[in-house]
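Residue numbers (our numbering), protein chains in the order written: chain A, 11 to 315; chain B, 2 to 383.
Every residue gets a Cβ at the ideal spot worked out from N, C-alpha and C, and that includes glycine.
This one's a predicted model, so the numbers in the text were calculated from it and none came from an experiment.
These notes are about the structure you will find just below.
Structure, rendered in structure tokens:
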């Protein structure tokens with residue numbers, strides 16, 4: 011009893027100090043982000059460090075030789091096969107992000123400027139394809155683009171072609187078509203958000219100063235929605251470089267991308283260090299490309315003034 | 002002996018005196034109605050705004066003043082009726098091809114452009130050539146005292162400066178009509194009063210027809226040549242500031258423009274120009290008959306502004322006076338509001354008195370006499 015009674019003031023004091031600490035803003039901030047932060051640390055940063063470390067080691071049959079070497083990077087950067095795969099991946103992801111943004115912009119514009127009371131309904135409709143699995147959506151493109159697919163039979167039915175075209179499926183164009191469709195919603199949303207933020211009186215002001223609809227769009231709406239265009243381009247570009255499901259399913263041998271090679275190194279080929287070096291190289295190149303894209307779009311924006 | 006310098010009493014109203022205005026109409030609004038379903042934002046408005054005039058559309062929010070302004074600008078179209086600007090019908094002419102420019106309430110400064118680029122925005126399309134364009138931009142910036150700020154971004158400007166950029170951007174287009182949508186409402190009081198003076202001066206200098214939308218009666222009174230007072234989509238009165246203030250056509254207009262004491266009256270005699278009425282507090286009064294006066298039975302309403310009632314000190318007398326008792330006193334710095342109960346009047350009179358003679362020290366409950374000029378008692382429709 012007495013011991014408990016004596017313990018009370020001391021405990022009260024530590025509690026007061028603890029409360030003060032808990033109520034300070036930085037602590038509260040850290041507390042708020044800590045679950046996500048820990049999650050990211052364990053599942054993102056640590057694996058990346060592991061991959062990074064592996065890229066400097068060597069696979070020695072079943073064990074890994076931990077002596078430092080740049081041999082993996084030499085192979086990744088000079089072997090024609092990996093160089094070609096990397097270039098193709100960059101080409102495909104750039105093309106995909108270009109077309110996705112071009113196709114997404116009018117949709118986002120329509121919803122934002124002419125959606126009226128039904129904006130949320132339109133956004134909801136756009137998410138409907140995501141109710142099915144990604145694999146199913148890719149497979150359905152196979153049905154559309156295939157030898158006896160919807161497109162071929164349609165074109166033959168119209169008499170435009172005499173025999174089914176094999177140029178539709180199992181090449182990089184098929185990958186581009188499929189990815190462009192798959193990532194459309196991810197591009198529409200950021201563009202929509204940035205268009206929503208464009209003050210409508212600015213468009214009226216442009217009209218008042220003599221601009222027709224096209225001019226006011228090019229001089230006011232488009233430049234002010236550039237942040238959305240940039241994020242849309244990046245959101246599409248960065249993950250598509252590393253996509254390996256789509257090329258595997260619709261790419262055939264002409265549509266193979268760098269991620270398929272990386273997967274092979276970690277899988278069948280069982281050469282983790284080379285796979286790691288390829289991954290790190292890809293990551294760096296993608297970062298450079300993303301940075302360059304941002305700079306180019308910004309430069310275009312300045313030019314438009 | 003030199004004659005003492007004396008201010009001459011101005012005889013005429015601002016509509017005629019200050020500047021030679023042509024009587025040519027600039028904007029003609031004929032029977033314009035704008036309905037949204039069953040709701041009429043503007044109901045059969047007819048109005049002529051003259052060339053070179055500073056014209057204000059005054060009214061509470063939702064009275065249709067902004068709707069009318071936007072229809073002149075071309076952002077909205079009349080359901081019925083016609084609008085013409087500079088003798089040309091505006092029907093079917095989109096906003097970007099109208100000879101009007103607008104200063105928006107939010108200023109609508111392009112955030113991605115600097116001050117110069119904002120001002121030059123409309124000129125770009127005219128392809129004036131670099132030197133001429135630069136000259137006109139600088140001229141416009143000088144007109145609104147913004148020289149030297151050309152390279153600033155909109156985000157680096159204060160509210161007053163944004164307002165000036167918006168003005169310069171519209172003026173540089175040399176429009177026939179400048180439309181101003183509550184341009185001063187976002188500024189603080191001091192800056193607002195300064196801008197009122199500047200806007201008026203600017204309008205006099207450039208001679209462009211200004212149409213101002215405002216809900217601030219003092220703003221309208223201070224700047225305008227003429228004012229249209231609007232309520233519920235209808236134009237209640239169009240006249241000079243002085244006429245509107247001194248001879249409001251009805252209680253609503255009188256009430257909207259400052260304080261007004263209303264007194265019930267019985268009509269004794271009515272002819273083309275004047276009315277003779279009996280009131281309880283002020284006795285029998287002869288007054289001018291307002292133009293739009295419509296007799297409704299034997300009653301009418303008289304109004305007198307609080308500042309037209311003067312306190313009679315000590316044994317001073319006046320030809321026309323009423324006696325009562327102070328029931329409330331409110332101090333406002335340079336003036337005091339007294340609420341005075343007059344036997345026979347259903348509502349006490351409100352009196353505004355300057356504090357020079359100690360109106361702020363009159364104790365509540367004091368018997369008091371008030372002098373008035375019978376001409377200040379105006380008859381109006383209910």
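- The three-state reading of DSSP puts residue 296/B in coil, since its state is none of H, G, I, E or B.
- Your pair residue 34/B and residue 80/B checks out as a contact, with CB atoms roughly 5 Å apart and the cut at 8 Å.
- Residue environment analysis places residue 140/B among the exposed positions, since fewer than 16 neighbouring C-beta atoms fall within 10 angstroms of its C-beta.
- Interface flag for residue 109/B against chain A is set, since a Cβ pair is found closer than 7 Å.
- Sixteen is the threshold: when 16 or more other Cβ atoms of the shown chains lie within 10 Å of the Cβ of residue 219/A, as they do, the residue is buried.
- Residue 202/A sits in a helix when the DSSP states are folded into three classes.
- When C-beta distances to chain A are compared with 7 Å, the residues of the stretch 50-79 of chain B below that value are 74 and 76, in chain order.
- One finds nothing in chain A with a Cβ atom closer than 8 Å to the Cβ of residue 261/B; even the nearest lies about 36 Å away.
- In this structure the stretch 35-47 of chain B lies against the stretch 229-238 of chain B, because at least three pairs of beta carbons, one per stretch, are closer than 8 Å.
- Near chain B, meaning a CB-to-CB distance below 8 Å, the residues of the stretch 189-221 of chain A are 209, 211, 212, 214, 215, 216, 217, 218, 219, 220 and 221.
- With contacts defined as CB atoms closer than 7 Å, residue 218/B and residue 181/B fail to qualify as a contacting pair.
- Under DSSP, residue 231/B takes part in a beta bridge, and its partners are 236/B.
- Against residue 102/B, the close residues of chain A are 218 and 219, in the order they occur along the chain (beta-carbon pairs closer than 8 Å).
- Counting the other CB atoms within 10 Å of its CB gives residue 71/A a total below 16, which places it among the exposed residues.
- For residue 124/A, the enclosing alpha helix (DSSP H) has its first and last residue at 90-124.
- If you check the CB distance, residue 353/B and residue 369/B do not come in under 7 Å.
- Scanning 53/A, 242/A, 45/A and 68/A for the CA closest to the CA of residue 280/A turns up 68/A.
- With a beta-carbon spacing of about 6 Å, residue 56/B and residue 225/B fall inside the 8 Å limit used to define contacts.
- Taking a beta-carbon distance threshold of 7 Å, residue 126/B counts as an interface residue toward chain A.
- In this structure, the straight-line span from the alpha carbon of residue 217/A to that of residue 154/B is close to 21 Å.
- Residue environment for residue 98/B: exposed (fewer than 16 other C-beta atoms within 10 angstroms of its C-beta).
- Residue 37/B is outside the set of residues whose beta carbon lies under 7 Å from a beta carbon in chain A.
- CA-to-CA, the gap between residue 198/B and residue 198/A works out to about 49 Å.
- The beta carbon of residue 111/A sits closer than 8 Å to those of 197, 201, 239, 242, 243 and 246, all from its chain and outside the five residues before and after it, given in chain order.
- Closer than 9 Å at the C-beta level to chain B, one finds these residues of the stretch 225-241 of chain A: 225, 226, 229, 230, 233, 234 and 236.
- Where residue 231/A is concerned, there is no enclosing alpha helix (DSSP H), because DSSP gives it neither an H nor an E.
- Partner residues in the beta bridge of residue 355/B, as assigned by DSSP, are 336/B.
- Residue pairing of residue 325/B in beta bridges, as defined by DSSP: 369/B.
- Across the structure, residue 131/B and residue 138/B are spaced so that their CA atoms are roughly 10 Å apart.
- Per the DSSP secondary-structure output, residue 157/A pairs with nothing in a beta bridge.
- Excluding sequence positions up to five before and after residue 240/B, its CB lies within less than 8 Å of the CB of 227, 228 and 248, all in the same chain and listed in chain order.
- The C-beta of residue 251/B comes no closer than 7 Å to any C-beta of chain A.
- Around residue 123/B, the beta-carbon contacts reaching into chain A at under 9 Å are 216, 218, 219, 220 and 221.
- Between the stretch 146-166 of chain A and the stretch 217-237 of chain A, the count of C-beta pairs closer than 8 Å stays below three; the two stretches do not touch.
- Inter-residue distance for residue 223/B and residue 242/B is about 8 Å (C-alpha atoms, whole angstroms).
- Under a criterion of Cβ atoms nearer than 9 Å, the residues of chain A adjacent to residue 97/B are, in order, 216, 217, 218, 219, 220, 221, 222, 223, 225 and 226.
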